[in-house]
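This report concerns only the one structure given below.
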Amino acid sequence: YLYTSMAYPTDYGYIEHTLGGDGDPLDALVLLNESVVPGTHLWVRPVAVYHMVDEAGDDAKILCVPAKDPRWDAIQDLGDVNPFLRDEIEHFFQTYKTLEPGKSAEQGEWHDLAAAIKEVEASLARYEG
Numbered sequence: 038y039l040y041t042s043m044a045y046p047t048d049y050g051y052i053e054h055t056l057g058g059d060g061d062p063l064d065a066l067v068l069l070n071e072s073v074v075p076g077t078h079l080w081v082r083p084v085a086v087y088h089m090v091d092e093a094g095d096d097a098k099i100l101c102v103p104a105k106d107p108r109w110d111a112i113q114d115l116g117d118v119n120p121f122l123r124d125e126i127e128h129f130f131q132t133y134k135t136l137e138p139g140k141s142a143e144q145g146e147w148h149d150l151a152a153a154i155k156e157v158e159a160s161l162a163r164y165e166g
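Here you go:
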């Protein structure tokens with residue numbers, strides 16, 4: 038539930054069997070041609086990570102595309118993602134908690150595929166304990 042009159046700029050979910058720096062499963066932003074029904078499991082691949090901090094700590098967002106969909110073959114790394122879309126995602130995460138009492142979000146930074154893979158691997162290891 039969002040307190041602001043905004044909508045997520047992409048489909049939003051999490052990567053199973055992970056534990057992010059904030060104690061929750063690692064967040065995933067999925068670029069799709071059409072949104073899917075909530076609760077749908079997707080096979081995706083990472084292309085970048087948006088590192089931000091909120092009131093719970095580190096809160097990385099893994100930007101993903103469908104793993105087996107050739108329409109997304111051109112998107113392999115951060116540089117392949119439309120700069121306006123990156124700005125739109127940043128703006129969303131800078132403002133989506135502004136009306137929610139006790140919540141905060143700090144400006145984040147984009148990092149490339151290698152950093153995204155490293156974040157996923159660290160979150161998988163954190164989950165395993």
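Numbering (our numbering), first residue to last: 38 to 166.
Beta carbons are placed, not taken as given, at the ideal position from N, Cα and C, and that holds for glycine.
These figures come from a predicted structure and were not determined experimentally.
Reducing DSSP to helix, strand and coil, say where residue i ends up.
| i | result |
| --- | --- |
| ASP124 | helix |
| GLY139 | coil |
| ALA93 | coil |
| TYR51 | strand |
| VAL100 | Before going further, note that residue 100 is Leu rather than Val in the sequence given. Reduced to three states, the DSSP call for LEU100 is strand. |
| GLU165 | helix |
| GLU156 | helix |
| ASP117 | helix |
| TRP80 | coil |
| LEU63 | strand |
| ALA151 | helix |
Should residue i and residue j be called a contact, given that it needs their Cβ atoms to be closer than 7 Å?
| i | j | result |
| --- | --- | --- |
| TYR133 | THR55 | no |
| VAL81 | VAL67 | yes |
| PRO46 | GLU125 | yes |
Short of 6 Å in beta carbon distance, which residues of its chain neighbour residue i, apart from the five on each side in sequence? Order them along the chain.
| i | result |
| --- | --- |
| LEU69 | ASP48 |
| ALA152 | VAL86 |
For residue i, which residues of its own chain have a beta-carbon under 8 Å away from its beta-carbon, when the five flanking residues on both sides are left out?
| i | result |
| --- | --- |
| GLY139 | GLU92 |
| TRP109 | LEU68, VAL102, PRO103 |
| ALA111 | ASP117 |
| VAL157 | ILE52, THR55, LEU63, PRO83, ILE99 |
So residue i packs on residue j, CB below 8 Å; how close in whole Å?
| i | j | result |
| --- | --- | --- |
| ALA43 | PHE129 | The sequence as given places Met at residue 43; Ala does not occur at that position. Indeed, because the Cβ distance is near 6 Å, the residues count as touching under 8 Å. |
| GLY76 | SER160 | The Cβ separation is near 21 Å, so there is no contact. |
Leaving out the 5 sequence neighbours to the left and right, which residues in its chain are closer than 7 Å to residue i when beta-carbon positions are compared?
| i | result |
| --- | --- |
| ARG123 | TRP147 |
| SER141 | ASP91, GLU92, LYS134 |
Exercise for review: Check whether the segment 44-64 touches the segment 82-101, taking contact to mean three or more Cβ pairs, one atom from each stretch, closer than 8 Å.
Suggested key: yes
Point to revise | the segment 69-88 / the segment 142-150 touching (three or more Cβ pairs under 8 Å) | key: yes
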